[in-house]
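A.B. asks: The sequence shown begins at 2 in the working numbering and counts up by one.
Backbone N, C-alpha and C fix where the C-beta goes; we use that ideal spot for every residue, glycine too.
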Amino acid sequence: MSEYEHLPEEWITKGGFFSRRRLPTGTPVQVAATNNLMLNMALIRPMGIRFDERFGISGGSDILFTRQITHRGGQLIWCDDAVVVDVVPASRLTRQWVVRRAFRSGNGWSLTSLVLADGWRPRLRTRLQLTASGGIRVLGGIARAGYGMVTRSVSQRARGIRTLARGLGMVSGAYGLVYHEYKRKPSEIH
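1. Indicate the three-state DSSP secondary structure (helix, strand or coil) for S3 in the structure shown.
2. Rounded C-beta distance between G170 and Y180? I'm assuming under 8 Å.
3. Going by beta-carbon coordinates alone, are R124 and L115 separated by less than 9 Å?
4. Could you check if W121 is buried or exposed, using at least 16 other CB atoms within 10 Å of its CB as the buried criterion?
5. So, with DSSP's three-state summary, where would you put V84?
6. Alpha carbons only, please: which of S20, E4, L8 and M2 is nearest the one belonging to R160?
7. List in chain order: all unbroken alpha helix (DSSP H) runs of 4+ residues lying wholly within the region 39-73.
8. By the DSSP assignment, the alpha helix (DSSP H) with A91 in it spans what residues?
9. Considering Cα atoms alone, identify which of S3, R55 and K15 is closest to G177.
10. What separation, rounded to the nearest whole angstrom, lies between the Cα atoms of T127 and G136?
11. Check whether chain C comes within 9 Å of W98, counting only Cβ atoms and requiring the distance to be less than that.
12. Does the separation of the CB atoms of A34 and T67 fall below 9 Å?
13. Which same chain residues end up closer than 6 Å to H7 when comparing Cβ atoms and leaving out the 5 residues on each side of it in sequence?
14. Apart from the five residues on each side of it in sequence, which residues of its chain come closer than 6 Å, Cβ to Cβ, to E1?
15. Can you give me the C-alpha to C-alpha distance between H72 and R138, rounded to a whole angstrom?
16. Under the DSSP definition of a beta bridge, which residues are partnered with P29?
17. On a CA-only basis, which of Q76, F18 and A144 is nearest M48? Give me that one, please.
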């Protein structure tokens, strides 16, 4: 659940940029964010899974971490009663930020998928699947945003742009482009 430092503009709320999925308690999931994750480390340690430092400034280390758990036979189970309140600062309540986040999300999905693909053949197959899936999102996003412009629907335009950005991120990540969301500017380093 998201709470905002100030009320976001309609384009952001109607675009669902901060909407979080909800599932029935007990639903198995393949991936999870680590902002509200309880793990049995006695089961995780033998898997040899650690947060991958390569994803430190790009984001996605939590996605890779949890995908590795399920990839290696572990289970992640949704608990809908364990609600996290994500306080969104004003700096993230801009169109530019939410579109970049959608791009980074798609980019990170592709990059983590490639890490999980073991060997050149599975990696090639994964690249092709990510290209196709990302390409479909790009085309669908363009169509939805166009439909939103014709019908003057803020929701359709914003959701179309979000889908387009995620698709572009997926395609770029499939070919090794890494978007560094958390890279700080020299003026921010103390």
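C.D. replies: On the basis of the data shown:
1. Here residue 3 is taken as the residue at index 2 of the sequence shown, counted from 1. Reduced to three states, the DSSP call for S3 is strand.
2. The sequence position of residue 170 within the sequence shown is 169, counting from 1. The sequence position of residue 180 within the sequence shown is 179, counting from 1. Indeed they touch by this definition, with Cβ atoms about 7 Å apart.
3. As a first step, residue 124 must be located in the sequence shown, where it is residue number 123. As a first step, residue 115 must be located in the sequence shown, where it is residue number 114. Taking 9 Å as the Cβ cut-off, R124 and L115 qualify as a contacting pair.
4. Numbered from its first residue, the sequence shown carries residue 121 at position 120. Classification of W121: exposed, given that the 10 Å Cβ count is below 16.
5. Position 83 of the sequence shown, counted from the start, is the residue given in the question as residue 84. Coil, per DSSP.
6. Here residue 160 refers to the residue found at position 159 of the sequence shown. Comparing alpha carbon positions, the residue from S20, E4, L8 and M2 closest to R160 is S20.
7. 42-45 and 62-72
8. Walking along the sequence shown from the start, residue 91 turns up at place 90. Where A91 is concerned, there is no enclosing alpha helix (DSSP H), given that its DSSP letter is neither H nor E.
9. Here residue 177 corresponds to residue number 176 of the sequence shown, with the count starting at 1. Selected option, being the one with the closest Cα: R55.
10. On the sequence shown, position 126 is the one that residue 127 refers to. On the sequence shown, position 135 is the one that residue 136 refers to. Spanning the two alpha carbons is a distance of roughly 14 Å.
11. Structure shown: chain C not included; a single protein chain is present.
12. Stepping through the sequence shown from its first residue, residue 34 is reached at position 33. Stepping through the sequence shown from its first residue, residue 67 is reached at position 66. Cβ atoms of A34 and T67: closer than 9 Å.
13. By one-based count along the sequence shown, residue 7 stands at place 6. Only A91 meet the Cβ criterion.
14. Since the first residue shown for the chain is 2 and the last is 191, residue 1 is missing from the structure and cannot be characterised.
15. Stepping through the sequence shown from its first residue, residue 72 is reached at position 71. Stepping through the sequence shown from its first residue, residue 138 is reached at position 137. Whole-angstrom Cα-Cα distance: 25 Å.
16. Looking up residue 29 in the sequence shown gives position 28. In DSSP, P29 forms a bridge with I78.
17. Along the sequence shown, one-based indexing puts residue 48 at 47. That would be Q76, whose Cα lies nearest to the Cα of M48.
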